[in-house]
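Protein chains: 2
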Amino acid sequence: MKKGVLEMCILAIISKEEVYTSDIIERMKEVELIVVEGTLYPMLSRLKSAGYLEYQWRESSAGPPRKYYKMTEKGNDFLRELEKSWSQLVGSVNDIVLKKSKS
Amino acid sequence: MKKGVLEMCILAIISKEEVYTSDIIERMKEVELIVVEGTLYPMLSRLKSAGYLEYQWRESSAGPPRKYYKMTEKGNDFLRELEKSWSQLVGSVNDIVLKKSKS
DNA sequence: TAAGGTACTTTGTAATGCAAGGTTCTATAT
DNA sequence: ATATAGAACCTTGCATTACAAAGTACCTTA
Numbered sequence: 025m026k027k028g029v030l031e032m033c034i035l036a037i038i039s040k041e042e043v044y045t046s047d048i049i050e051r052m053k054e055v056e057l058i059v060v061e062g063t064l065y066p067m068l069s070r071l072k073s074a075g076y077l078e079y080q081w082r083e084s085s086a087g088p089p090r091k092y093y094k095m096t097e098k099g100n101d102f103l104r105e106l107e108k109s110w111s112q113l114v115g116s117v118n119d120i121v122l123k124k125s126k127s
Numbered sequence: 025m026k027k028g029v030l031e032m033c034i035l036a037i038i039s040k041e042e043v044y045t046s047d048i049i050e051r052m053k054e055v056e057l058i059v060v061e062g063t064l065y066p067m068l069s070r071l072k073s074a075g076y077l078e079y080q081w082r083e084s085s086a087g088p089p090r091k092y093y094k095m096t097e098k099g100n101d102f103l104r105e106l107e108k109s110w111s112q113l114v115g116s117v118n119d120i121v122l123k124k125s126k127s
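Shown next as C-alpha cells:
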C-alpha cells in the first residue's frame with residue numbers, strides 16, 4: 025500500500041544537489057528521519073541499476089573517495105510519480121483519520 | 025523508517041464504528057486504498073492479541089456469523105500514538121520534498 | 001441435501017529496512 | 001616504515017509487512 029516513501033526522500037534529496045551517502049543520512053537527520061547505511065547502500069545500487077541515478081567518484085580531502093550521486097532524466101520522472109502517489113496517500117489517509125464517527 | 029500506516033487506518037476505521045472485515049475493506053476502497061483479506065485477517069489477529077482490539081460474534085441475516093471489532097482503551101491510546109508519528113512523518117517528508125534546491 | 005456464496009484462516013512469497021560485520025583506502029601517530 | 005584509526009563502501013542474514021492463493025467452515029436456498 026505505501027510503497028517507496030524512503031525511496032522518494034532519497035531521490036528528492038539527490039535532485040536538489042549532488043551528494044554521497046553520508047550527506048543523505050545527514051539531510052534526513054535534519055528533519056528527524058533516521059536512515060542507516062545498511063538501508064542506503066543497497067537502495068542506491070538498486071536505483072542506479074534501474075537507471076534513476078548515476079554517480080561519479082570524487083576525492084575527499086580527508087579519507088577515501090566518495091560516490092556522488094545525481095539524478096537521470098528517468099529518475100526525475102520517477103520522482104514525480106512517487107510524489108504524486110505520496111500526496112494521494114496522504115490525502116486518503118487523512119480522509120480515513122479525520123472522518124467523523126457515526127454517533 | 026516508518027511502519028504502521030495501514031494499521032493506523034484500520035484502527036481509525038474501527039474507532040468510528042464497530043465493523044467486520046468486509047466493512048473495513050469497503051471503507052478503505054471509498055478513499056481509494058486497496059487492501060485485501062490476506063492482509064487484513066492476520067493484522068486483525070495481531071492487533072487483537074496485542075490488546076488493541078476486541079471482537080464479538082454477530083449473526084448475519086444471510087451467511088455465517090461475523091467478527092465485529094471494536095477498540096479497547098489501550099487501542100485508542102495506540103491509535104493516538106500512530107496518528108502522532110504519522111503527522112510527524114508527513115511533516116518531515118514534506119520538508120525534504122519541498123526544500124529548495126541549492127542553485 | 002447439494003450448490004453457492006459469505007466469512008474466516010493459513011501458507012508461501014516478495015519486498016523493505018535494519019543490525020552487524022567485513023573490506024578498502026587515506027591520513028596520522030609512533 | 002608501520003601500525004592505528006577512521007571514513008567510505010559493500011554484503012549477509014533476519015524480522016516485518018503485505019499480498020496471492022488456496023483452504024475450511026457455516027448458512028441459505030433451490
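Here the protein sequences come in this chain order: A and B. Under this note's numbering, think of the first position of the first sequence as 25, with each following residue one higher. Under this note's numbering, think of the first position of the second sequence as 25, with each following residue one higher. Where a beta carbon is used, it is the ideal one built from N, C-alpha and C, also for glycine.
Is the separation between the beta-carbon of E41 of chain B and that of S125 of chain A shorter than 8 Å?
Inclusion of E41 of chain B and S125 of chain A in the CB contact set at 8 Å is warranted, their separation being smaller than that value.
7 Å Cβ cut-off: residues of chain A touching D119 of chain B
Within chain A, the residues V55 have their CB atoms less than 7 Å from the CB of D119 of chain B, given in chain order.
Taking CB distances under 8 Å as the criterion, tell me whether E107 of chain A reaches chain B.
For E107 of chain A, the closest Cβ of chain B is nearer than 8 Å.
I58 of chain A burial status per 10 Å Cβ neighbour count (16 or more: buried):
Taking all protein chains shown into account, I58 of chain A has fewer than 16 neighbouring C-beta atoms within 10 Å of its C-beta and is therefore exposed.
For L68 of chain A, is the classification buried or exposed, using 16 other Cβ atoms within 10 angstroms of its Cβ as the cut-off for buried?
Looking at its Cβ environment, which holds 16 or more other Cβ atoms inside 10 Å, L68 of chain A is buried.
Tell me, please, which residues DSSP counts as bridged to L77 of chain B.
L77 of chain B is bridged to B:M95.
V43 of chain A - DSSP class collapsed to helix/strand/coil:
Residue state for V43 of chain A is assigned as strand, using DSSP reduced to three classes.
Could you give the C-beta distance for I34 of chain A and I48 of chain A, rounded to a whole number, given that I count them as a contact under 8 Å?
Confirmed, Cβ separation roughly 6 Å.
Cutoff 8 Å: V43 of chain B Cβ touching any chain A Cβ:
Taking a beta-carbon distance threshold of 8 Å, V43 of chain B does not count as an interface residue toward chain A.
To the nearest angstrom, how far is it from the Cα of Y65 of chain A to the Cα of S46 of chain A?
Distance between the alpha carbons of Y65 of chain A and S46 of chain A is about 11 Å.
Are any of the Cβ atoms in chain A nearer than 8 Å to that of K94 of chain B?
Not a single C-beta of chain A is nearer than 8 Å to the C-beta of K94 of chain B.
Can you find a CB in chain B that lies within less than 8 Å of the CB of S46 of chain A?
Answer no: the Cβ-Cβ gap between S46 of chain A and chain B never drops below 8 Å.
Partner residues on chain A for I37 of chain B, Cβ-Cβ distance less than 8 Å:
In chain order: I120.
Cβ of M95 of chain A within 8 Å of Cβ of I37 of chain A?
For M95 of chain A and I37 of chain A, no; Cβs fall outside 8 Å.
Leaving aside the five residues before and after F102 of chain B along the sequence, list all residues of the same chain whose C-beta is less than 6 Å from its C-beta, in chain order.
Cβ neighbours of F102 of chain B beyond the five flanking positions: Y76.
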